[in-house]
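Engineer: My questions all concern the structure below.
There are 2 protein chains.
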Amino acid sequence: MILKSQVEWALHCCAILSGLPEGRYLSTKALAELHGLPKEYLSKALQSLSQAGLVHTTLGPSGGYRLAKAANELSFLDVVEAVEGSGRTFVCQNIRANNPCRPKGYCESGPCAIARIMWEADEAWRAALRKVTFADLGKILHQEISPEIWSGTFDWVLKRAG
Amino acid sequence: MILKSQVEWALHCCAILSGLPEGRYLSTKALAELHGLPKEYLSKALQSLSQAGLVHTTLGPSGGYRLAKAANELSFLDVVEAVEGSGRTFVCQNIRANNPCRPKGYCESGPCAIARIMWEADEAWRAALRKVTFADLGKILHQEISPEIWSGTFDWVLKRAG
DNA sequence: CGAATTACGGATACATAATGTCCCTATTCG
DNA sequence: CGAATAGGGACATTATGTATCCGTAATTCG
Numbered sequence: 530m531i532l533k534s535q536v537e538w539a540l541h542c543c544a545i546l547s548g549l550p551e552g553r554y555l556s557t558k559a560l561a562e563l564h565g566l567p568k569e570y571l572s573k574a575l576q577s578l579s580q581a582g583l584v585h586t587t588l589g590p591s592g593g594y595r596l597a598k599a600a601n602e603l604s605f606l607d608v609v610e611a612v613e614g615s616g617r618t619f620v621c622q623n624i625r626a627n628n629p630c631r632p633k634g635y636c637e638s639g640p641c642a643i644a645r646i647m648w649e650a651d652e653a654w655r656a657a658l659r660k661v662t663f664a665d666l667g668k669i670l671h672q673e674i675s676p677e678i679w680s681g682t683f684d685w686v687l688k689r690a691g
Numbered sequence: 530m531i532l533k534s535q536v537e538w539a540l541h542c543c544a545i546l547s548g549l550p551e552g553r554y555l556s557t558k559a560l561a562e563l564h565g566l567p568k569e570y571l572s573k574a575l576q577s578l579s580q581a582g583l584v585h586t587t588l589g590p591s592g593g594y595r596l597a598k599a600a601n602e603l604s605f606l607d608v609v610e611a612v613e614g615s616g617r618t619f620v621c622q623n624i625r626a627n628n629p630c631r632p633k634g635y636c637e638s639g640p641c642a643i644a645r646i647m648w649e650a651d652e653a654w655r656a657a658l659r660k661v662t663f664a665d666l667g668k669i670l671h672q673e674i675s676p677e678i679w680s681g682t683f684d685w686v687l688k689r690a691g
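In the order they appear, the protein sequences are chains A and B.
When we follow the numbering used here, the leftmost residue of the first sequence carries the number 530, and every step to the right adds one.
When we follow the numbering used here, the leftmost residue of the second sequence carries the number 530, and every step to the right adds one.
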């Protein structure tokens, strides 16, 4: 059970977008170049973000993406679910119903206990991702990235931001 | 990102095995029949449990599986990891290293902040599964399964347990 | 002892999903 | 108008999950 690499890409892209000045946009091409990713395929991940309403887009030259809301209101969970979907990691196929000891037509009282426990773990995972925003990430990155790379990347991005 | 159905199977099988009297064994055939699963394929899941040391096996007629430790010492996480592996759900491909603004040969100070956050969520998921044992599950099931099905299944299993 | 039954592991086939590429369209900027 | 962009559909490739089959060694029972 491994998350798609598009999730990683989307997170890194949002990290960059969260540092973009108000009203500026950054293109797929620039984001792909910055991360060494295939432009066409990265585009699919960005489209997922767009469809989820997490980013705003413009067309034409100088077009691209920006966050649709403030960085402190965009959580990791938002991005992960936009790309990966919001389904559960555990799907209950209700195999208890195959128990030959059951009376025919027996009706379940509710979801399987095993599934409920697995879903609680899923929810713990979601809760952990929900509480971290891209404002939080920005602070962490600002602390641990060397100042030259930080400002160098910032300039690189600004030069390409429409 | 969805867990293998083998995880569900293994959990249900351990639930049954945890109700087995001391020293008795239950075969793949019986477990498959009880859950309506393909015997040959379920066998792979049970082998994973065996390799992880979670169950004990015997060969020959009247052979099969039993738990290798007490139900209150076997956690959901044990079973999930035995089948699904203990790797993280988020794999960091370190795409930050592709940043063209970096000096050549630049050496990372540590794992990517994004990866660390994702791994913390993974750990929250694991922690939730680690704290639930099959003794806990047994109590829950005993409360919510109708007495006829409970004892009917118990008899069915005992009749086939070697 | 011999036959039946079992766990175990390897080989193989198939379906589904992830990954990646290509091309066309509508829109927007200069 | 021409260039650059997001968006989306079609397709190829690869990896993974699902499932089946068969051979081997060990064990039980008659």
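Idealized CB from N, CA, C, for every residue including glycine.
For clarity, every value in this text was computed on a predicted model and none was experimentally measured.
Exposed or buried, what is A:Cys641 when buried is set at 16 or more other beta-carbons lying within 10 Å of its beta-carbon?
Structural biologist: It is buried - the Cβ of A:Cys641 has at least 16 other Cβ atoms within 10 Å.
Engineer: Beta carbon of A:Arg595: closer than 7 Å to some heavy atom of the ligand NAP?
Structural biologist: This structure simply doesn't include the ligand NAP, nor any ligand for that matter.
Engineer: State the start and end residues of the unbroken alpha helix (DSSP H) segment that holds B:Tyr570.
Structural biologist: 568-580 is the span of the alpha helix (DSSP H), which, as asked, contains B:Tyr570.
Engineer: Which residues bound the alpha helix (DSSP H) around B:Leu560?
Structural biologist: B:Leu560 -> alpha helix (DSSP H) spans 557-564.
Engineer: DSSP three-state label for B:Val661, please.
Structural biologist: Residue state, collapsed to three classes: coil.
Engineer: Do you know how far the Cα of A:Val609 is from the Cα of A:Tyr635?
Structural biologist: So the two alpha carbons sit approximately 39 Å from each other.
Engineer: Are the region 657-664 of chain A and the region 599-606 of chain A touching by the rule of at least three beta carbon pairs closer than 8 Å?
Structural biologist: Because the criterion of three Cβ pairs below 8 Å is met, the region 657-664 of chain A and the region 599-606 of chain A touch.
Engineer: Using 8 Å as the threshold, is the region 649-658 of chain A in touch with the region 666-677 of chain A, meaning 3 or more CB pairs across them?
Structural biologist: The region 649-658 of chain A vs the region 666-677 of chain A: no contact.
Engineer: Just to confirm my understanding: we take B:Ala600, look at its own chain, exclude 5 residues before and 5 after, and list those with CB closer than 7 Å. What are they?
Structural biologist: Within the same chain, B:Ala600 has close Cβ partners Ser547, Thr662, Phe663, Ala664, Gly667.
Engineer: Is A:Asn628 close to chain B, meaning its C-beta is less than 8 Å from at least one C-beta of that chain?
Structural biologist: Judged by the 8 Å Cβ criterion, A:Asn628 is in contact with chain B.
Engineer: B:Thr618 touches chain A at which residues, Cβ-Cβ below 9 Å?
Structural biologist: Ordered by position in chain A, the residues that pass the 9 Å Cβ test against B:Thr618 are Met530, Ile531, Leu532, Thr618, Trp654.
Engineer: Return yes when the Cβ of B:Val686 is within less than 8 Å of the Cβ of B:Ile531, no when it is not.
Structural biologist: In this structure, B:Val686 does not lie closer than 8 Å to B:Ile531 by Cβ.
Engineer: Kindly indicate which residue of B:Ala559, B:Trp648, B:Leu566 has the alpha-carbon position closest to the one of B:Glu537.
Structural biologist: Here the closest residue by C-alpha is B:Leu566.
Engineer: Determine, using beta-carbon pairs with one atom in the region 610-620 of chain B and one in the region 586-599 of chain B, whether at least three such pairs fall under 8 Å.
Structural biologist: Too few Cβ pairs lie closer than 8 Å, so no.
Engineer: Could you check the C-alpha separation between B:Ala690 and B:Glu649 for me, to the nearest Å?
Structural biologist: Cα to Cα, the separation comes out at about 42 Å.
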